[in-house]
Amino acid sequence: MLKVDVVHQLPNVGREGGTYLYHIINNYDTLADHTLFSQAGADGVSIKEVESWLVNRLEKQFTTAVGYMPLVSARWMEVYDCGRNIYNNMVRLAELWALITQTLCPPDKQTVAYRGQFLVSNKRIRRQPLRIYMYLNELITADSTHWIHTDRRSPVSKSIPSNPFFGHIVERLWTVLFNCSKSDLINKCNRDVCACFD
62 MLKVDVVHQL
72 PNVGREGGTY
82 LYHIINNYDT
92 LADHTLFSQA
102 GADGVSIKEV
112 ESWLVNRLEK
122 QFTTAVGYMP
132 LVSARWMEVY
142 DCGRNIYNNM
152 VRLAELWALI
162 TQTLCPPDKQ
172 TVAYRGQFLV
182 SNKRIRRQPL
192 RIYMYLNELI
202 TADSTHWIHT
212 DRRSPVSKSI
222 PSNPFFGHIV
232 ERLWTVLFNC
242 SKSDLINKCN
252 RDVCACFD
């Protein structure tokens with residue numbers, strides 16, 4: 062038996078982003094000081110990597126002043142130009158930047174982190190109004206008839222509720238959402254200062 066206070070069984074929609082948004086929305090006013098969001102395991106992490114950076118990050122870099130800390134190695138981070146890089150063209154990232162920051166996406170590069178694994182303070186979460194999280198959740202958990210499923214990664218890929226393409230966009234959105242997307246973040250992570258502070 063699990064030794065936990067509460068277990069919520071959720072439908073398999075929206076990838077991990079849907080789960081994270083569910084938690085944020087349903088606990089917005091009572092969030093812990095810091096919340097660690099992770100997939101079932103530390104995805105993309107070998108035992109050697111856990112020893113080399115993940116444990117270091119949690120045990121030596123984390124302080125109560127941390128606002129946002131990506132829990133991926135720097136190799137799982139990339140610099141985008143308003144949703145574009147050499148591999149992807151995620152136009153919705155630029156649209157979401159505008160929605161979240163109330164400004165047009167500047168061409169000076171934004172760091173995104175893959176894998177949807179991070180630690181964030183309740184202060185950073187609450188900097189965004191609840192309605193932003195509710196809107197993102199509405200899109201990421203939309204049924205198969207919703208227009209959001211017309212977005213595709215490639216002509217042969219298909220966006221479905223259990224694996225929406227929009228989920229991949231939200232995976233890259235957390236750094237923007239929590240105001241930790243400056244282009245120097247990758248260098249900071251390589252220097253063992255992998256966080257933005259409140």
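So for the sequence shown, the numbering used here puts the first residue at 62; every next one is plus one. Where a beta carbon is used, it is the ideal one built from N, C-alpha and C, also for glycine. Everything numeric in this text was worked out from a predicted model, so none of it was measured.
Among the options, nearest to residue i - alpha-carbon criterion
| i | options | result |
| --- | --- | --- |
| Lys243 | Tyr83, Met195, Val173 | Val173 |
| His207 | Ser220, Gly177, Gln122 | Ser220 |
| His229 | Gly75, Glu156, Lys249 | Gly75 |
| Asn73 | Lys249, Asp169, Pro222, Asn248 | Pro222 |
| Asp245 | Asn150, Ser182, Met138 | Met138 |
| Val133 | Val127, Asn198, Phe179, Glu156 | Phe179 |
| Phe98 | Cys241, Glu232, Asn240 | Glu232 |
| Asp259 | Asp94, Val68, Lys109, Val67 | Asp94 |
| Arg188 | Thr162, Thr124, Pro131 | Thr162 |
| Val237 | Ile85, Gly144, Lys249, Ser218 | Gly144 |
| Asn240 | Tyr83, Pro131, Asn87 | Pro131 |
| His84 | Pro190, Ala155, Pro168, Asn198 | Asn198 |
| Ile90 | Tyr196, Leu191, Arg214 | Per the sequence shown, residue 90 should be read as Asp rather than Ile. Among Tyr196, Leu191, Arg214, the Cα nearest to that of Asp90 is on Leu191. |
| Asn87 | Asn251, Ser218, Ile186 | Ile186 |
Residue i versus residue j: straight-line alpha-carbon distance, rounded
| i | j | result |
| --- | --- | --- |
| Trp235 | Tyr129 | 9 Å |
| Phe226 | Tyr141 | 17 Å |
| Tyr194 | Asn117 | 31 Å |
| Ala159 | Cys166 | 6 Å |
| Cys257 | Val152 | 25 Å |
| Lys184 | Val65 | 25 Å |
| Glu120 | Lys170 | 30 Å |
| Gln122 | Trp114 | 10 Å |
| Asp212 | Asn146 | 17 Å |
| Ala126 | Val181 | 10 Å |
| Val68 | Asn150 | 37 Å |
| Ile247 | Ala135 | 6 Å |
| Pro168 | Ala101 | 35 Å |
| Leu92 | Lys249 | 27 Å |
| Pro216 | Leu71 | 30 Å |
| Asn224 | Leu154 | 18 Å |
Local conformation of residue i per DSSP, three classes
| i | result |
| --- | --- |
| His229 | helix |
| His210 | helix |
| Leu234 | helix |
| Ser113 | helix |
| Gly78 | helix |
| Met151 | coil |
| Ala174 | strand |
| Asn248 | helix |
| Asn224 | strand |
| Arg118 | helix |
| Tyr83 | helix |
DSSP beta-bridge partners of residue i
| i | result |
| --- | --- |
| Pro216 | Answer is none; Pro216 lacks a bridge partner. |
| Glu139 | Val173 |
| Arg145 | Asp142, Asn150 |
| His95 | Ser182 |
| Val65 | Its beta-bridge partners do not exist; DSSP assigns none. |
Using 8 Å as the threshold, is the segment 73-82 in touch with the segment 194-204, meaning 3 or more CB pairs across them? yes
Touch test, the segment 175-184 against the segment 247-255, Cβ-Cβ under 8 Å, three pairs minimum: Segments in contact, no.
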